[in-house]
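Working notes, beginning with the structure itself.
There are 2 protein chains.
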Amino acid sequence: MSYFRKHLELIAGYQPGEQPQDGQFIKLNTNENPYPPSPLVIETLMENLNKHRLSWYPSPLCDELRERVSAVYGYPPDWILVGNGSDELLSIIFRAFLGKDDRVSYPYPTYTLYRVLALLQEANYEEIPFEKEYSLPKKILTSQAQLKVVCNPNSPTGTFLSTPVIDNLLKSSSCPIVVDEAYVDFARENALSLIKEYPHLIVLRTLSKSYSLAGIRVGFLIAHPEMIRGLLKVKDSYNVSWFSQKAATAALQDHHYMMNNVEKIKRTRREFSQAMSRLGYSVLPSEANFVMVQRPGDNLESEYLYLKKNHILVRYFSEWPDSLRISIGTDSNMQLLIQVLSAMLKDGKK
Amino acid sequence: MSYFRKHLELIAGYQPGEQPQDGQFIKLNTNENPYPPSPLVIETLMENLNKHRLSWYPSPLCDELRERVSAVYGYPPDWILVGNGSDELLSIIFRAFLGKDDRVSYPYPTYTLYRVLALLQEANYEEIPFEKEYSLPKKILTSQAQLKVVCNPNSPTGTFLSTPVIDNLLKSSSCPIVVDEAYVDFARENALSLIKEYPHLIVLRTLSKSYSLAGIRVGFLIAHPEMIRGLLKVKDSYNVSWFSQKAATAALQDHHYMMNNVEKIKRTRREFSQAMSRLGYSVLPSEANFVMVQRPGDNLESEYLYLKKNHILVRYFSEWPDSLRISIGTDSNMQLLIQVLSAMLKDGKK
Numbered sequence: 001m002s003y004f005r006k007h008l009e010l011i012a013g014y015q016p017g018e019q020p021q022d023g024q025f026i027k028l029n030t031n032e033n034p035y036p037p038s039p040l041v042i043e044t045l046m047e048n049l050n051k052h053r054l055s056w057y058p059s060p061l062c063d064e065l066r067e068r069v070s071a072v073y074g075y076p077p078d079w080i081l082v083g084n085g086s087d088e089l090l091s092i093i094f095r096a097f098l099g100k101d102d103r104v105s106y107p108y109p110t111y112t113l114y115r116v117l118a119l120l121q122e123a124n125y126e127e128i129p130f131e132k133e134y135s136l137p138k139k140i141l142t143s144q145a146q147l148k149v150v151c152n153p154n155s156p157t158g159t160f161l162s163t164p165v166i167d168n169l170l171k172s173s174s175c176p177i178v179v180d181e182a183y184v185d186f187a188r189e190n191a192l193s194l195i196k197e198y199p200h201l202i203v204l205r206t207l208s209k210s211y212s213l214a215g216i217r218v219g220f221l222i223a224h225p226e227m228i229r230g231l232l233k234v235k236d237s238y239n240v241s242w243f244s245q246k247a248a249t250a251a252l253q254d255h256h257y258m259m260n261n262v263e264k265i266k267r268t269r270r271e272f273s274q275a276m277s278r279l280g281y282s283v284l285p286s287e288a289n290f291v292m293v294q295r296p297g298d299n300l301e302s303e304y305l306y307l308k309k310n311h312i313l314v315r316y317f318s319e320w321p322d323s324l325r326i327s328i329g330t331d332s333n334m335q336l337l338i339q340v341l342s343a344m345l346k347d348g349k350k
Numbered sequence: 001m002s003y004f005r006k007h008l009e010l011i012a013g014y015q016p017g018e019q020p021q022d023g024q025f026i027k028l029n030t031n032e033n034p035y036p037p038s039p040l041v042i043e044t045l046m047e048n049l050n051k052h053r054l055s056w057y058p059s060p061l062c063d064e065l066r067e068r069v070s071a072v073y074g075y076p077p078d079w080i081l082v083g084n085g086s087d088e089l090l091s092i093i094f095r096a097f098l099g100k101d102d103r104v105s106y107p108y109p110t111y112t113l114y115r116v117l118a119l120l121q122e123a124n125y126e127e128i129p130f131e132k133e134y135s136l137p138k139k140i141l142t143s144q145a146q147l148k149v150v151c152n153p154n155s156p157t158g159t160f161l162s163t164p165v166i167d168n169l170l171k172s173s174s175c176p177i178v179v180d181e182a183y184v185d186f187a188r189e190n191a192l193s194l195i196k197e198y199p200h201l202i203v204l205r206t207l208s209k210s211y212s213l214a215g216i217r218v219g220f221l222i223a224h225p226e227m228i229r230g231l232l233k234v235k236d237s238y239n240v241s242w243f244s245q246k247a248a249t250a251a252l253q254d255h256h257y258m259m260n261n262v263e264k265i266k267r268t269r270r271e272f273s274q275a276m277s278r279l280g281y282s283v284l285p286s287e288a289n290f291v292m293v294q295r296p297g298d299n300l301e302s303e304y305l306y307l308k309k310n311h312i313l314v315r316y317f318s319e320w321p322d323s324l325r326i327s328i329g330t331d332s333n334m335q336l337l338i339q340v341l342s343a344m345l346k347d348g349k350k
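Next up, the structure:
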């Protein structure tokens with residue numbers, strides 16, 4: 001006998017990438033930033049740790065941090081909601097819009113958490129395959145859904161939809177639309193400018209990727225105040241710790257430092273993509289801090305395992321066996337990966 | 001037109017206590033600890049801040065912290081689940097066990113978040129009034145529910161149910177039963193010893209009260225491994241930041257320091273309760289770090305407002321207007337409150 005709701009028995013739960021904490025691996029499997037966060041983060045914490053009363057609850061709405069997000073991204077604080085990572089915000093969104101037998105639709109393949117969150121709500125998910133060259137599937141424009149999600153740049157493909165394409169989706173749909181911009185700092189443009197015009201648009205951001213702060217668990221979303229007010233009803237009162245609010249506020253003060261790292265990563269991405277092409281892999285055009293490499297019809301699990309044996313972790317999804325998602329590390333990280341992979345291919349260990 | 005699920009329109013959301021961040025108030029409204037956390041917490045963070053890679057995701061299951069909880073509380077790590085505060089764990093529990101039209105039952109009055117979480121699931125909540133002297137209502141033993149919750153010691157009353165009473169509830173019900181022990185370190189005993197025997201028992205703890213760490217957002221629960229495995233499906237992958245895991249681990253290493261503060265608070269609680277009785281209030285017997293004072297039939301909002309004007313924050317719930325919930329601060333905090341209140345009563349400002 002089980003105590004749990006029936007539908008939970010059928011759900012596997014989301015499987016996060018491996019997170020060895022022992023520092024024995026070059027981690028290129030969960031799209032972490034190879035560069036540390038702005039030195040301002042540690043400095044600010046060092047300065048404030050002794051002054052602050054950790055015995056007090058933190059600001060429920062992250063007031064200081066929202067002010068800072070507002071200053072950087074140009075929307076007032078009541079258009080901003082801060083979460084315990086953008087995963088928590090996604091969970092809040094799915095709970096707010098999807099009940100039993102409702103439907104969320106999104107282009108596929110994408111972040112598999114969307115499917116898990118739909119299942120947890122007993123909702124249906126419509127996974128609409130991307131069209132040619134990973135363009136937005138037309139079917140998503142007309143899909144009858146209570147929620148639509150577009151991950152842009154998309155994970156695991158790294159491909160990007162331009163702002164006019166997003167604008168067109170917003171025009172053709174009246175349900176809430178989430179543009180999950182976790183990786184957008186590595187892309188050519190973003191959807192921020194559209195928020196004002198569309199009250200059903202929610203733009204989602206995280207400090208885990210471009211800001212090098214996956215360890216602090218901070219994400220935020222920007223949307224019209226009516227949208228924020230509804231989502232707040234679902235949020236836990238004190239969802240972001242004092243540390244995380246302080247660290248995120250400091251990081252946003254050093255926006256320039258982050259943009260510098262982004263430029264380095266984009267350069268490495270270009271060189272790595274070329275090198276992988278030379279090794280015979282198809283490399284999808286990426287605007288994120290990772291690339292998806294493929295050998296259509298083949299199974300790349302052996303590459304994944306060989307790299308792991310050599311202390312390099314990349315992401316292999318059994319759902320897409322002919323592909324690997326490889327995060328962009330430092331130049332030397334990527335050169336080592338290329339070396340190891342070349343050796344494997346040369347020895348015919350494949 | 002609204003984008004949200006219909007039932008959300010009818011929900012107000014949980015209203016947390018006021019959290020002024022400017023240090024201008026003596027805060028006796030949200031049961032924070034007046035003493036700082038163990039010095040080990042700050043020392044550990046100072047030592048590790050520069051060594052750790054904040055750019056990495058934290059341990060999804062809080063491995064090091066679970067080892068520490070295991071060492072202190074005597075259950076193996078796979079019997080332990082760590083949350084972003086015990087509020088997050090409650091939210092996970094309600095999502096795991098309650099669907100539309102299911103029912104949760106609990107003694108009333110209690111923590112009003114239970115009601116909000118039930119409403120978010122479109123579930124029914126059965127609020128069963130405590131019996132004489134806040135004893136467990138018999139009706140909860142036979143209530144047909146998918147989940148039962150007992151806050152013990154209870155908030156806002158501070159009253160306590162002994163272990164045999166909890167044991168009896170566990171024997172008479174087959175649904176999952178949460179014993180929310182947020183305040184239990186201030187009580188005479190706890191339900192830990194019952195966990196082994198009852199696979200439907202979930203014991204909930206937090207570091208926000210006795211450990212003086214409301215700012216870090218860490219709670220944990222202990223239950224049988226099958227229970228943990230089901231709840232994990234609902235949990236966000238990376239729900240506790242690196243800081244919070246590190247700080248909580250350090251605090252648990254200094255269990256003795258916490259118990260010392262608890263003893264001080266219990267002493268202050270006894271003296272404060274006597275002083276409030278002398279002022280003519282009924283004071284419920286408390287085993288928590290707060291007391292509920294009452295003047296049956298009266299409305300204590302004027303006391304709340306007068307104290308606030310004098311920079312002392314206590315908790316007034318419009319749902320229970322003849323009562324105030326007052327957290328136990330330092331001796332001098334409580335003496336000042338008594339002084340201010342005496343002056344108000346003497347001047348007949350009431």
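Protein chains in written order, with UniProt numbering: chain V, 1 to 350; chain B, 1 to 350. Even glycine gets a Cβ: it sits at the ideal position worked out from N, Cα and C.
Could you check where the alpha helix (DSSP H) with residue i kicks off and where it finishes?
i, result
"VAL326 of chain B", "Note that residue 326 of chain B is Ile in the sequence shown here, rather than Val. Run containing ILE326 of chain B: none in the alpha helix (DSSP H); it sits in the beta strand (DSSP E), 323 to 327."
"PRO39 of chain V", "39 to 49"
"THR142 of chain V", "139 to 142"
"LYS309 of chain V", "301 to 309"
"ILE26 of chain B", "Not the alpha helix (DSSP H): ILE26 of chain B falls in the beta strand (DSSP E), residues 26 to 28."
"THR206 of chain B", "Taken as a continuous stretch (DSSP letters only), THR206 of chain B belongs to no alpha helix (DSSP H), being part of the beta strand (DSSP E) at 201 to 206."
Between residue i and the rest of its own chain, which residues show a CB-CB distance below 6 Å, the 5 nearest in sequence each way excluded?
i, result
"ALA275 of chain B", "ILE338"
"ILE92 of chain B", "LEU231, VAL234 and LYS235"
"LEU221 of chain V", "LEU81, LEU89, ILE202 and LEU204"
"LEU120 of chain V", "none"
Under 8 Å Cβ to Cβ from residue i, same chain only, skipping five residues before and after it: list those, please.
i, result
"LYS264 of chain B", "TYR35"
"LEU54 of chain B", "TRP242"
"GLY297 of chain B", "ASP322"
"LYS26 of chain B", "With the sequence shown as reference, residue 26 of chain B is identified as Ile, and Lys is not the correct amino acid for it. So the list reads HIS311, ILE312, LEU313, GLY329, ASN333, LEU336 and LEU337, once near-sequence residues are dropped."
"LYS148 of chain V", "VAL104, SER105, TYR106, ILE140, LEU169, SER173, CYS175, PRO176, ILE177 and VAL178"
"ASP331 of chain V", "THR268 and GLU271"
"SER193 of chain V", "THR163"
In the DSSP assignment, the beta strand (DSSP E) including residue i goes from what residue to what residue?
i, result
"GLU126 of chain V", "124 to 129"
"SER332 of chain B", "Per DSSP, SER332 of chain B belongs to no beta strand (DSSP E); it is in the alpha helix (DSSP H), 331 to 346."
"GLN294 of chain V", "290 to 294"
"GLY83 of chain B", "80 to 83"
"SER59 of chain B", "That residue, SER59 of chain B, is in no beta strand (DSSP E); it is neither H nor E in DSSP."
"PHE186 of chain V", "From DSSP, PHE186 of chain V is part of no beta strand (DSSP E); its letter is neither H nor E."
"SER172 of chain V", "Run containing SER172 of chain V: none in the beta strand (DSSP E); it sits in the alpha helix (DSSP H), 163 to 172."
"TYR257 of chain B", "Note, TYR257 of chain B: premise wrong, no beta strand (DSSP E); alpha helix (DSSP H) at 255 to 278."
"GLY219 of chain B", "219 to 222"
"VAL149 of chain V", "147 to 151"
"residue 352 of chain B", "This structure cannot settle anything about residue 352 of chain B, because the visible part of chain B is limited to 1 through 350."
Ignore the nearest five residues each way along the sequence and tell me which others in residue i's own chain have a CB closer than 7 Å to its CB.
i, result
"residue 351 of chain V", "Outside the displayed span of chain V (1 to 350) sits residue 351 of chain V, for which this structure offers no information."
"TRP79 of chain V", "ILE222, ALA223, HIS224, PRO225 and ILE228"
"GLY158 of chain V", "LEU284, SER286, GLU287, ALA288, PHE290, VAL291 and MET292"
"PRO76 of chain B", "SER70"
Give the C-beta separation of residue i and residue j to the nearest angstrom, bearing in mind that I take them to be a contact with Cβ-Cβ under 8 Å.
i, j, result
"VAL179 of chain V", "ASN152 of chain V", "6 Å"
"LEU98 of chain V", "GLN146 of chain V", "6 Å"
"SER286 of chain B", "SER273 of chain B", "7 Å"
"SER244 of chain V", "ARG217 of chain V", "6 Å"
"residue 356 of chain B", "ASN33 of chain B", "No statement about residue 356 of chain B is possible, as the shown extent of chain B runs from 1 to 350 and does not include it."
"SER237 of chain V", "ASP22 of chain B", "At roughly 19 Å, the Cβ-Cβ gap does not stay under 8 Å, so SER237 of chain V and ASP22 of chain B are not in contact."
"HIS256 of chain V", "TYR3 of chain B", "That belief does not hold up - the Cβ atoms of HIS256 of chain V and TYR3 of chain B are roughly 36 Å apart, past 8 Å."
*Could you say if the stretch 34 to 49 of chain V and the stretch 4 to 14 of chain B meet the contact criterion of at least three C-beta pairs nearer than 8 Å?*
no
Inspect the CB distances between the stretch 241 to 249 of chain V and the stretch 114 to 125 of chain B and report whether three or more fall short of 8 Å. no
For the stretch 203 to 220 of chain V, list every residue whose C-beta sits within 7 Å of some C-beta in chain B, in sequence order. SER212, LEU213, ALA214, GLY215, ILE216 and ARG217
*Report yes or no: do the stretch 195 to 206 of chain V and the stretch 292 to 310 of chain V share at least 3 C-beta pairs separated by less than 8 Å?*
no
| Taking any Cβ of chain B, which residues in the stretch 25 to 57 of chain V have a Cβ under 8 Å from it, in chain order? | LYS27, THR30, GLU32, ASN33, PRO34, TYR35, PRO36, PRO37, VAL41, ILE42, LEU45, MET46, LEU49, ASN50, HIS52, ARG53, LEU54, SER55, TRP56 and TYR57
If the cut-off is 9 Å on Cβ atoms, which residues from the stretch 181 to 198 of chain V count as contacting chain B, listed in chain order? none
* Against chain V: residues of the stretch 82 to 93 of chain B by CB proximity under 8 Å -> ASN84, GLY85, ASP87, GLU88 and SER91
(message) If the cut-off is 9 Å on Cβ atoms, which residues from the stretch 61 to 81 of chain V count as contacting chain B, listed in chain order?
(response) ASP63 and GLU64
Practice problem: Could you run through the stretch 230 to 254 of chain V and flag, in chain order, every residue whose CB is less than 7 Å away from some CB of chain B? | Solution: GLY230, LEU232, LYS233, VAL234, ASP236, SER237, TYR238, ASN239, SER241, TRP242, PHE243 and SER244
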